[in-house]
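Student: Before I ask anything, let me first share the structure, which is written out below as structure tokens.
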Amino acid sequence: MPILSSSCACGRVRCEASGKPIVSIVCYCQDCQEGARRIEALPGAPRFSDADGGTPLLVYRDDRFRCSSGEELLVSHKLKESSPTRRMAASCCNSAMFLKFEPGFWISAYRARFEGDDLPPIEMRNQIQHRRPGTDLPRDAPCYRGFPPRLFAKIISTRAAMLFGW
Ligand SMILES: [Zn+2]
Numbered sequence: 000m001p002i003l004s005s006s007c008a009c010g011r012v013r014c015e016a017s018g019k020p021i022v023s024i025v026c027y028c029q030d031c032q033e034g035a036r037r038i039e040a041l042p043g044a045p046r047f048s049d050a051d052g053g054t055p056l057l058v059y060r061d062d063r064f065r066c067s068s069g070e071e072l073l074v075s076h077k078l079k080e081s082s083p084t085r086r087m088a089a090s091c092c093n094s095a096m097f098l099k100f101e102p103g104f105w106i107s108a109y110r111a112r113f114e115g116d117d118l119p120p121i122e123m124r125n126q127i128q129h130r131r132p133g134t135d136l137p138r139d140a141p142c143y144r145g146f147p148p149r150l151f152a153k154i155i156s157t158r159a160a161m162l163f164g165w
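Under numbering that gives the first Met the number 0, the first residue of the sequence shown carries the number 0, and numbering increases by one thereafter.
What follows is the structure in structure tokens.
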């Protein structure tokens, strides 16, 4: 299976993803935007969201994504203490690496941190009603208000594959 690597800006934290992602998306939801605003405001933090408010993500099964070095440097950022979503950033250089929604079996890795020119193409843009006003909507992929059934279909079929050991 092809392996994609991601790295924090200073290189101390590295992660690896194997195989095709479940889906490659850009999310414009308010939580993703607020999460980006907070982490990007940390000292020296590199940007991982787009100028129009979108956050590009490569979504992987939990068992196809791992931190290969510097895991102890990861710190969790939550919008609220009770939130089931943690955004993991490298404390060495404040690079956001991935997002974990606790009940889910997937992780959403920030596309901006991946290396190489051959990343999976963007398949959909979600929650576009929250796009920053005055920006042009990119035409590279279908756009949806909210989260489309296509997204849930991909997640459900992935779950079935995992249950059957594929
Ligand atoms: Zn770093």
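Built from N, CA and C at the ideal position, the CB exists for glycine as well.
#1: So who's on the other strand from SER48, going by DSSP bridges?
#2: Less than 8 angstroms separating the beta-carbons of ARG130 and TYR27?
#3: Identify whether GLU80 lies in helix, strand or coil by the three-state DSSP scheme.
#4: Using beta-carbon positions only, say whether ILE121 and ILE24 come within less than 8 angstroms of one another.
#5: Strictly closer than 5 angstroms from CB to any heavy atom of ligand 1: give me those residues in the order they appear in the chain.
#6: Quick one: what's got a C-beta closer than 7 angstroms to MET161's C-beta in the same chain, skipping five residues either side?
#7: What are the boundary residues of the beta strand (DSSP E) that includes PHE104?
#8: What separation, rounded to the nearest whole angstrom, lies between the Cα atoms of SER6 and CYS14?
#9: Helix, strand or coil: which one does DSSP assign to PHE146?
#10: Quick check: VAL12 and GLY69, are their CB atoms within less than 8 angstroms of each other?
#11: Name the two residues that bound the continuous beta strand (DSSP E) containing CYS66.
#12: Specify the secondary structure class of ALA16 as computed by DSSP and reduced to three states.
#13: Using the Cα positions of LEU73 and PRO102, report the straight-line distance between them to the nearest angstrom.
Tutor: Reading it off the structure:
#1: Here residue 48 is taken as the residue at index 49 of the sequence shown, counted from 1. Bridge pairing for SER48: absent [DSSP].
#2: If you number the sequence shown from 1, residue 130 lands on position 131. If you number the sequence shown from 1, residue 27 lands on position 28. TYR27 sits close to ARG130, with the two beta carbons spaced by under 8 angstroms.
#3: In the sequence shown, the residue the question calls residue 80 occupies position 81. GLU80 sits in coil when the DSSP states are folded into three classes, being neither helix nor strand.
#4: Working through the sequence shown from its first residue, we reach residue 121 at position 122. Working through the sequence shown from its first residue, we reach residue 24 at position 25. A contact, by the Cβ cut-off of 8 angstroms.
#5: The set, ordered by position in the chain, is CYS7, CYS9, ARG11, ALA89, CYS91 and CYS92.
#6: For the purposes of this step, residue 161 is taken as the residue at position 162 of the sequence shown. Non-local beta-carbon contacts of MET161 in its own chain, meaning distances under 7 angstroms to residues more than five positions away in sequence, involve ARG60 and PHE104 in chain order.
#7: Taking the first residue of the sequence shown as 1, we reach residue 104 at position 105. Looking at the DSSP string, PHE104 is not in any beta strand (DSSP E), and its letter there is neither H nor E.
#8: As a first step, residue 6 is located in the sequence shown; it is residue number 7 there, counting from the start. As a first step, residue 14 is located in the sequence shown; it is residue number 15 there, counting from the start. Inter-residue distance for SER6 and CYS14 is about 6 angstroms (C-alpha atoms, whole angstroms).
#9: The residue labelled residue 146 in the question sits at position 147 within the sequence shown. The answer is coil: DSSP assigns PHE146 none of H, G, I, E or B.
#10: In the sequence shown, residue 12 corresponds to position 13, counting from 1. In the sequence shown, residue 69 corresponds to position 70, counting from 1. Yes.
#11: Reading the sequence shown from its first residue, position 67 is the one you call residue 66. Taken as a continuous stretch (DSSP letters only), the beta strand (DSSP E) holding CYS66 covers 64-68.
#12: If you number the sequence shown from 1, residue 16 lands on position 17. Three-state result, ALA16: strand.
#13: Your numbering for residue 73 matches position 74 in the sequence shown. Your numbering for residue 102 matches position 103 in the sequence shown. In a straight line, the C-alpha of LEU73 is about 20 angstroms away from that of PRO102.
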